[in-house]
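Have a look at the structure below, then the notes.
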Amino acid sequence: MTSGARVSLVVNGRRREVADVPFGERLLDTLRWRLSLKGTKEGCRAGNCGACTVLVDGRPMLSCLLLTHEANGASVTTIEGVEALSVGRAVVRAFEAEGGLQCGYCTPGFVMALVGHLASPGADRSPAAVRAALEGNLCRCTGYASIVRAAQRAAKEVA
Amino acid sequence: MSYSVRPDALEKLTGQVLYGVDVERPGMWWGALVPSPAAAGRLVAIDASAVADEEAVVVTAADLPRLLPNGSGDPERPIFPSTAVRYRGEPVAAVAAPTLERARAAAARVRVRLDAEAPVEDLDRLFPDWPSPETMRDHPLVNGHVLARFGPVDRAFRTADELFQETYRTSGVHQVPLEPHACVADATGSVWHVTTSTQTPFGCREDTASLLGIPESSLVVEGSWVGGAFGSKGSALLEPYALVLSRASGRPVRLALSYAEEFQLGRTTLPSVLRLETALRNGRVVGRRARLLLDTGASLPGGDFTLGYAAGFLLGPYGAPALEIEGYAIRTHKPPFGPHRAPFIPQVAFAIESHLTHLAAHLGEDPIRLRRATVWTEGQTTTLGQRVGPFGLDRCLERAAEVVRAWRVDLPAGHGVGTGAGFWSTGAGAGGEARVVLTPTAVEVEQSEREIGSGSVLRGVAAVVERVLGLPPSHVVVRYQDTASGPFDSGVFGSRTVAALGQAAEKASRRLLTVLQERAGLRSTPRLAVADGRIVLEAPGTSAPVETLFTDSERRAGRLVVDGRHYGRAEGGIDPSRAVVGEFHPFTDFTAAAHVAEVEVDRELGAVRVVRYHAIHDVGTLIDRRTATAQVEGGVAMGLGEALTEEMLWRDDGRLENPGLLDYRLMTITDVPPIEVEFVEGFRGAGPFGAKGLGEIPIVPVPATIAAAIHDALGRPLFELPMTPERIARALAERTVDRPPVGRGAPA
Ligand code: FES
Ligand code: FES
Chain X
1 MTSGARVSLV
11 VNGRRREVAD
21 VPFGERLLDT
31 LRWRLSLKGT
41 KEGCRAGNCG
51 ACTVLVDGRP
61 MLSCLLLTHE
71 ANGASVTTIE
81 GVEALSVGRA
91 VVRAFEAEGG
101 LQCGYCTPGF
111 VMALVGHLAS
121 PGADRSPAAV
131 RAALEGNLCR
141 CTGYASIVRA
151 AQRAAKEVA
Chain Z
1001 MSYSVRPDAL
1011 EKLTGQVLYG
1021 VDVERPGMWW
1031 GALVPSPAAA
1041 GRLVAIDASA
1051 VADEEAVVVT
1061 AADLPRLLPN
1071 GSGDPERPIF
1081 PSTAVRYRGE
1091 PVAAVAAPTL
1101 ERARAAAARV
1111 RVRLDAEAPV
1121 EDLDRLFPDW
1131 PSPETMRDHP
1141 LVNGHVLARF
1151 GPVDRAFRTA
1161 DELFQETYRT
1171 SGVHQVPLEP
1181 HACVADATGS
1191 VWHVTTSTQT
1201 PFGCREDTAS
1211 LLGIPESSLV
1221 VEGSWVGGAF
1231 GSKGSALLEP
1241 YALVLSRASG
1251 RPVRLALSYA
1261 EEFQLGRTTL
1271 PSVLRLETAL
1281 RNGRVVGRRA
1291 RLLLDTGASL
1301 PGGDFTLGYA
1311 AGFLLGPYGA
1321 PALEIEGYAI
1331 RTHKPPFGPH
1341 RAPFIPQVAF
1351 AIESHLTHLA
1361 AHLGEDPIRL
1371 RRATVWTEGQ
1381 TTTLGQRVGP
1391 FGLDRCLERA
1401 AEVVRAWRVD
1411 LPAGHGVGTG
1421 AGFWSTGAGA
1431 GGEARVVLTP
1441 TAVEVEQSER
1451 EIGSGSVLRG
1461 VAAVVERVLG
1471 LPPSHVVVRY
1481 QDTASGPFDS
1491 GVFGSRTVAA
1501 LGQAAEKASR
1511 RLLTVLQERA
1521 GLRSTPRLAV
1531 ADGRIVLEAP
1541 GTSAPVETLF
1551 TDSERRAGRL
1561 VVDGRHYGRA
1571 EGGIDPSRAV
1581 VGEFHPFTDF
1591 TAAAHVAEVE
1601 VDRELGAVRV
1611 VRYHAIHDVG
1621 TLIDRRTATA
1631 QVEGGVAMGL
1641 GEALTEEMLW
1651 RDDGRLENPG
1661 LLDYRLMTIT
1671 DVPPIEVEFV
1681 EGFRGAGPFG
1691 AKGLGEIPIV
1701 PVPATIAAAI
1711 HDALGRPLFE
1721 LPMTPERIAR
1731 ALAERTVDRP
1741 PVGRGAPA
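First to last, the sequence lines map onto chains X and Z.
Just so we're aligned, residue 1 is where the first sequence starts under the numbering used here, counting upward by one.
Just so we're aligned, residue 1001 is where the second sequence starts under the numbering used here, counting upward by one.
If you want it as structure tokens, here you go:
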């Protein structure tokens, strides 16, 4: 079968050594099926929906497009670890308050993308910039209205 | 448990909920489907000899007698074809292996030998001219036929001094729930079990059991959390395959679709051609006719519900002195037509509403006034002769006119404002049951539907119970149970959840109050309240913790349980003298909506930007305003996709050209404009407190509304969905449109 090698990651603040990861494996699958972190969602697997967004060294990345070996040594934050970040807590609170979700399948991706944006140094928190930060995330349920309200509330709270 | 808007928000926001795709079982294997490489043809052989993986298990039609207790399942609907294939991608075999990679690798090595035939895919190619009744009478591809008429149709058209005739085309559109279909099945014991992402656990059980020829009692369906459904996750899709794979491998098997498979296999809305004709005499409407050719894919003959249902929508919610509708379901080599949020009705509304918009322009009338002159109101009859109940469309249109007037002030050049309307029916399904469980500290509602996202189960049903009992949201919890332990319910579809399942919960709640009233010896109906974290019974002069009214056994169990059931009324109401040919389906509790959009159209590129949107709805009594508003916002955005970008493109060989989100474009956060949502109340439905359904109506008027706004901006009509930049540019570039509407000159 495919040959693999060990990968070392810091996931949600915890060091994880993962043995025998095939070289072609995507970070999305490692998180979901080897580390049982199912909160990161698999949508299109092609970079079009944003459902799989996680933070890699603080930056939002599509885990379906990232090979696990490329992330070797990196620090990865998934939705399960979002509340450990102060910006993460603010974003979760804002989405809760505004009801910025329906089925919730796109939600981890939106939350991680927004946390990544708002936590970046000197982030532009204007409504247009916040909206642009979420442009790569698709939602089929909400029509984005409640997500926009939540994101704008989060941007204010973080500021 | 207190929450701001939705009880499931925190769990979802922190990645705690498990969807169908997340479910795992110890020792589980992975499944993969082997798709038919051609859309039509005779199956010669399925050869698995090249599968090198010795552990992999391959199942085809030939294996079913060995795997299924009672032979090979439903002979009418075999899960694997054994003679002919019906569409490209149809599963002809399935594979299970210890990992997904190995299952996929093995599936790729199964050789499918076919005598391929040229498939039928395109309605226009099949019927280059509008087919005559003679052509259709014995046509081998006609799967269904409906015809209804009312009034002196022939005379109206014979004596008309002008015939206003247009032809519309609509495309296939996909539900695209973000979570693809996924399930884990276990058929290793005597009772089979499947955990699946479904919007109808009991419907899935019924369908799966019937497909496999097993009794429903030997199958348990457990709903997972559902990552969006929009109709696509109703009856069985993957469950039968996963179960036979589990049976064959002796392991639990997980089967999930990739997005490409989801597009290729999904049962979706398929293309149509619609022709609308209005007969005019001295500028007055004397008759109207609608003709429909609907692609129903590989549906079984007569097996398609949509045709008979869509028929009632073809002429919209408007009367005329003489009416006729006729529709044909056409079999093609696509997957069978499937349920979809208001299946095919946004497309129907696009045609009839655009027809009225164009007619108004032709007659020099105001389009809203023209609609209001003949819109149904309570007590009138529908096209099919059903009596219209409380129906607020006229009020919605009146409000729409005010919005249009306001938006026209200072409208920039290149912008247009338009209105579209629509109606829908509140589904009842077979019925539903719910249990209300009173404990000393909370009320729980036990029922069998998973929340699919809209909030109708977790928030809608809860809100009904809260309202009956007098409790705050923090003390009413809706709980899910699988088909083995939960009460029966028809499913979360057809805008029925709050109206029908909600009624079961309402009845249970009212009975609970009656039981408590009797036990407390009260003269009037009591209410419940919360005091110091405990549930108390309140009535004039009384306030007692509820457990003081429990029987001994209830006290030991810690709960008092009351059941409620609601089974749909026998509807009927279709006038048999109007229904000439075929099977029609009656409507229940009409909902209504009028929408207004402002668009900006780039005349060079044909690109449309939706600037703002206003949706006005009659959904009867509002049960929960925020949830209802969110439903409308989501429905509008989905409708914008159907209006502007979403289109499944099949090639002649039956291959789908755009099976992914790159080429099948959904609306993004930057495409969707601000949406204002407004409800007109006072048109009560039969649901709890006068509620009607809400899940589907928001999408219905959207393509029509956008078309009207584009028409306003350009002065050009559009006759095809979606209204892509190419189609708009073409409409602008040509003096007459691509396929000119017969009987009508060049558009103004
Ligand atoms: S799953 Fe990664 S972008 Fe869609
Ligand atoms: S909430 Fe369902 S996809 Fe966004």
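For glycine and all other residues, C-beta sits at the position ideal for the given N, C-alpha and C.
Check	Outcome
Residue 1167 (chain Z) to residue 1384 (chain Z) span [Cα, whole Å]	23 Å
Proximal chain Z residues relative to residue 64 (chain X), where beta-carbon distance stays under 8 Å	Simply none; closest approach about 11 Å.
Residues of the region 137-152 of chain X whose Cβ lies closer than 8 Å to any Cβ of chain Z, in chain order	137, 138, 139, 140, 141, 142, 143, 144, 145, 146, 147, 148
3 or more residues per run - each beta strand (DSSP E) lying fully within the region 1257-1294 of chain Z	1272-1281
Partners in chain Z for residue 134 (chain X), counting only beta-carbon separations shorter than 8 Å	1669
Proximity winner among Z:1711, Z:1260, Z:1580, Z:1529, relative to residue 1414 (chain Z) (alpha-carbon distances)	Z:1711
Member of Z:1171, Z:1172, Z:1218 whose CA lies at the smallest distance from the CA of residue 1190 (chain Z)	Z:1218
Where residue 1514 (chain Z) falls: helix, strand or coil (DSSP)	helix
Any C-beta of chain X under 8 Å from that of residue 1078 (chain Z)	no
Contacts of residue 1626 (chain Z) in chain X (Cβ-Cβ under 8 Å)	99
Residue 47 (chain X): CB within 7 Å of a non-hydrogen atom of ligand 1	yes
Chain-ordered chain X contacts of residue 1478 (chain Z) [CB-CB under 9 Å]	Neighbours of residue 1478 (chain Z) on chain X: none; closest Cβ ~16 Å, over 9 Å.
Unbroken alpha helix (DSSP H) run spanning residue 152 (chain X), endpoints	145-158
For residue 1165 (chain Z), the three-state DSSP class (helix, strand or coil)	strand
Same chain, Cβ closer than 6 Å to residue 1607 (chain Z), five either side skipped, listed in chain order	1725
Cross-chain neighbours of residue 1177 (chain Z) in chain X, by beta carbon under 9 Å	103, 105, 140, 141
Three-pair Cβ contact test at 8 Å for the region 1452-1466 of chain Z versus the region 1672-1684 of chain Z	no
Bounding residues of the alpha helix (DSSP H) (the contiguous stretch that carries residue 1350 (chain Z))	1345-1363
Collapsed DSSP secondary structure at residue 1180 (chain Z) in the structure displayed	coil
Chain X within 8 Å of residue 1232 (chain Z), Cβ atoms only	no
Reference residue 1101 (chain Z), options Z:1053, Z:1272, Z:1075, closest by Cα	Z:1053
Residue 1006 (chain Z) at chain X interface by Cβ criterion, 8 Å	yes
C-beta neighbour in chain X for residue 1737 (chain Z), strict 8 Å	The predicted model places residue 1737 (chain Z) with a pLDDT of 44, which falls under 50 and marks its position as unreliable; any figure quoted below should be read in that light. No, because no Cβ of chain X sits closer than 8 Å to the Cβ of residue 1737 (chain Z).
Cutoff 7 Å; reference residue 1123 (chain Z); Cβ partners in own chain excluding five residues on either side	1271, 1273, 1293, 1295, 1330
Boundaries (first-last residue) of the alpha helix (DSSP H) holding residue 1371 (chain Z)	1367-1374
Partner residues on chain Z for residue 95 (chain X), Cβ-Cβ distance less than 8 Å	1009, 1013
beta-carbon residue 1450 (chain Z) near ligand 2 non-hydrogen atom, thresh 7 Å	no
Distance between beta carbons of residue 98 (chain X) and residue 1017 (chain Z), contact taken as under 8 Å	Not quite, the Cβ-Cβ distance comes to about 19 Å (not below 8 Å), so this is no contact.
Any beta strand (DSSP E) of 3 or more consecutive residues that is wholly inside the region 1488-1559 of chain Z	1527-1531, 1534-1539, 1542-1545
For residue 1011 (chain Z), three-class secondary structure by DSSP	helix
Per-residue contacts from residue 1638 (chain Z) into chain X (C-beta, under 9 Å)	140, 141, 143
Any chain Z beta carbon closer than 8 Å to residue 157 (chain X)	no
Assigned exposure category for residue 1683 (chain Z) - 16 Cβ within 10 Å defines buried	buried
Interface positions of the region 1655-1680 of chain Z facing chain X (Cβ-Cβ less than 7 Å), listed along the chain	1660, 1661, 1662, 1666, 1668, 1669, 1670, 1672, 1675
Expected contact under 8 Å - CB spacing of residue 1498 (chain Z) and residue 1691 (chain Z) to nearest Å	6 Å
Chain-ordered chain Z contacts of residue 59 (chain X) [CB-CB under 8 Å]	The contacting residues do not exist; residue 59 (chain X) stays about 19 Å from chain Z at best.
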